[in-house]
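Student: Numbering (UniProt numbering), first residue to last: 1 to 399.
Positions of the beta carbon are idealized from the N, C-alpha and C atoms, including for glycine.
First the structure, which I've put down as structure tokens, then a few questions once you've had a look.
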Amino acid sequence: MPYYHRVGQVPPKRHTQFRQPDGTLYAEELMGQEGFSADSSLLYHRRPPTAIVDARAVDPPASAGRTPNHPLKPRHLRTHALKTVTGADAVRSRQPLLVNDDCRISYVVADAPSPLYRNAIGDECLYIEAGTARVETTFGAMTVAAGDYLIIPTSTIHRIVPDGPVRLLIIEATGHIGPPPRYLSVRGQLLEHAPYCERDLRSPAEPLLVEGTDVEVLVRHRRGWTAFTYAHHPFDVVGWDGCLYPWALSIHDFEPITGRVHQPPPVHQTFAGPNFVICSFVPRKVDYHPLAIPVPYNHHNVDSDEVLFYTGGNYEARRGSGIEQGSISLHPSGFTHGPQPGAVERAIGVDYFDELAVMVDTFRPLDLADAAADCEDDAYAWTWARNTGAGLDVDPATG
Numbered sequence: 001m002p003y004y005h006r007v008g009q010v011p012p013k014r015h016t017q018f019r020q021p022d023g024t025l026y027a028e029e030l031m032g033q034e035g036f037s038a039d040s041s042l043l044y045h046r047r048p049p050t051a052i053v054d055a056r057a058v059d060p061p062a063s064a065g066r067t068p069n070h071p072l073k074p075r076h077l078r079t080h081a082l083k084t085v086t087g088a089d090a091v092r093s094r095q096p097l098l099v100n101d102d103c104r105i106s107y108v109v110a111d112a113p114s115p116l117y118r119n120a121i122g123d124e125c126l127y128i129e130a131g132t133a134r135v136e137t138t139f140g141a142m143t144v145a146a147g148d149y150l151i152i153p154t155s156t157i158h159r160i161v162p163d164g165p166v167r168l169l170i171i172e173a174t175g176h177i178g179p180p181p182r183y184l185s186v187r188g189q190l191l192e193h194a195p196y197c198e199r200d201l202r203s204p205a206e207p208l209l210v211e212g213t214d215v216e217v218l219v220r221h222r223r224g225w226t227a228f229t230y231a232h233h234p235f236d237v238v239g240w241d242g243c244l245y246p247w248a249l250s251i252h253d254f255e256p257i258t259g260r261v262h263q264p265p266p267v268h269q270t271f272a273g274p275n276f277v278i279c280s281f282v283p284r285k286v287d288y289h290p291l292a293i294p295v296p297y298n299h300h301n302v303d304s305d306e307v308l309f310y311t312g313g314n315y316e317a318r319r320g321s322g323i324e325q326g327s328i329s330l331h332p333s334g335f336t337h338g339p340q341p342g343a344v345e346r347a348i349g350v351d352y353f354d355e356l357a358v359m360v361d362t363f364r365p366l367d368l369a370d371a372a373a374d375c376e377d378d379a380y381a382w383t384w385a386r387n388t389g390a391g392l393d394v395d396p397a398t399g
């Protein structure tokens, strides 16, 4: 994260004696990225965070078997058509849909607490489509609700406790996710041209102290899944400080950048990950040149696959294409996409778009995971060829 945060009790000087009321030392833990060369935080535990009493291999909770997008086609996945079950949790029940060597995009409807979980491969970005949940971590607890992005740094032990059913889009990276570098000063402050600032961000405000012994934590790592049994509960942190911690941003606090003519997707960029970006399309005033065409031109992003998750707004604009609440569209490199037939003429004179969508652009091709076949709209690829008439409009995010 771009700024320093301090929660709970910490000593005045790092790496010095910090004693508990009974005189014993708190156990200091440095959690840092890129070895000792990037952002980090220091956490102070009541007991050693290294004490495990068992480790056993476990099977992955869901298959992410990969099928290439071949023959190459645009795809439409209806996440609300995926099978849901009572007792699903946000870790073991997530259903991978699209995957490459840099990220995995999954969806889940969870109504039960997850196990304690640590993703040791990369950061996770959770987008809450609907519902609310409490997210408990070694840094403290946070409440997230519809419209929130939550960034969980690599190897943060956490669990997700829904307050009733919660719908989540989950983007798992193989590295770190953060603000785009162009939004940051050389010292890490969000700059004036950034579409959000530090005031919009939320993080744990107080320690979460939990007692317990023989506590199991599921760990996803580069060689599979392991269940560790810790001698004591890992949520025994009395304080921490630093620049690495879970944080949330509401999509409703993202301030859109607009112009006299149509603005391309990079103005909507919200986060950057390893070989992918995440963008937010929000309600906004659109192009105000007297001859402007507010919808996108046909476009072919030759270096990226484009994924749109439709999460709010008026989808009458895409009638005829099948896009609806909870839809995911995949427009791959090698395919030109754009407005639905009739959309360009109909859009002329429109001055406001009411939409909510999350976009993920990847710079390596995405494969289809097993669950994608369970919710794919096979007719989507041919919707541009239909003679649907001049009355159609287009989705303002992507066409």
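For VAL344, which of helix, strand or coil comes out of DSSP?
Tutor: The three-state secondary structure of VAL344, taken from DSSP, is helix.
Student: Less than 8 Å between C-beta atoms, sequence neighbours within five positions excluded: which residues of the same chain meet that for SER40?
Tutor: LEU30, MET31, GLY32, GLN33, GLY242, CYS243 and LEU244
Student: Between the Cα of HIS70 and those of PRO339, GLY334, ASP361 and ASP377, spot the shortest distance and give me the residue it belongs to.
Tutor: GLY334
Student: What residue from LEU77, ILE177 and LYS83 has the CA that sits closest to ILE121's CA?
Tutor: ILE177
Student: So what does DSSP say about ASP253, is it helix, strand or coil?
Tutor: helix
Student: In this structure, how does DSSP classify THR258 when only helix, strand and coil are distinguished?
Tutor: Three-state DSSP puts THR258 in coil, outside helix and strand.
Student: Measuring only the C-alpha atoms, how far is GLU11 from PRO21?
Tutor: With the sequence shown as reference, residue 11 is identified as Pro, and Glu is not the correct amino acid for it. The straight-line gap from Cα to Cα measures roughly 14 Å.
Student: Pull up the distance between the alpha-carbon of GLU124 and that of ALA173, whole angstroms please.
Tutor: 6 Å
Student: Looking only at its chain, what residues have a beta carbon closer than 6 Å to the beta carbon of TYR3, apart from the 5 residues adjacent to it on each side?
Tutor: GLU198
Student: Using the Cα positions of ARG66 and CYS375, report the straight-line distance between them to the nearest angstrom.
Tutor: 15 Å
Student: Taking the straight line between their C-alpha atoms, what separation do you get for THR156 and ALA141?
Tutor: THR156 and ALA141: Cα-Cα distance of roughly 12 Å.
Student: By alpha-carbon positions, which one of VAL215, TRP384 and LEU291 ends up nearest to LEU116?
Tutor: VAL215
Student: Which residues bound the beta strand (DSSP E) around ALA373?
Tutor: Careful: ALA373 lies outside any beta strand (DSSP E), inside the alpha helix (DSSP H) at 372 to 375.
Student: Just tell me which of GLN325, HIS331, GLY8 and GLY224 has its CA closest to the CA of LEU169.
Tutor: Taking only the C-alpha atoms, the option nearest LEU169 is GLN325.
Student: Return helix, strand or coil for THR16, following the three-state DSSP convention.
Tutor: coil
Student: Taking only runs that begin and end inside the UniProt domain "Homogentisate 1,2-dioxygenase C-terminal" (266 to 384), name each unbroken beta strand (DSSP E) of 3 or more residues, in chain order.
Tutor: 269 to 273, 276 to 281, 305 to 313, 327 to 331 and 355 to 362
Student: If ILE328 and PHE309 are in contact, beta carbons under 8 Å, what's the gap, nearest whole angstrom?
Tutor: 5 Å
Student: Comparing alpha-carbon positions, which option in ARG364, LYS285, ARG386 and ALA381 lies nearest PRO68?
Tutor: ARG364
Student: Count the CB pairs spanning the stretch 175 to 189 and the stretch 144 to 159 that are closer than 8 Å, and state whether there are at least three.
Tutor: By the criterion of at least three beta-carbon pairs nearer than 8 Å, the stretch 175 to 189 is in contact with the stretch 144 to 159.
Student: Assess contact between the stretch 199 to 209 and the stretch 99 to 108, defined as three or more Cβ pairs (one per stretch) separated by less than 8 Å. Is contact present?
Tutor: At 8 Å Cβ cutoff, the stretches do not touch.
Student: Does DSSP put ARG182 in a helix, in a strand, or in coil?
Tutor: helix
Student: Rounded to whole angstroms, what is the Cα-Cα separation between ASP111 and GLU306?
Tutor: 30 Å
Student: Buried or exposed for GLN269, going by 16 or more other Cβ atoms inside 10 Å?
Tutor: Counting Cβ neighbours within 10 Å, GLN269 comes out buried, since at least 16 surround it.
Student: Between ALA133 and ILE160, is the Cβ-Cβ spacing less than 8 Å?
Tutor: yes
Student: Report the residue from ARG6, GLY312 and ALA51 whose alpha carbon sits nearest the alpha carbon of PRO283.
Tutor: When each option's Cα is compared against that of PRO283, the closest is GLY312.
Student: Would DSSP call ARG223 helix, strand or coil?
Tutor: DSSP places ARG223 in coil when its eight states are reduced to three.
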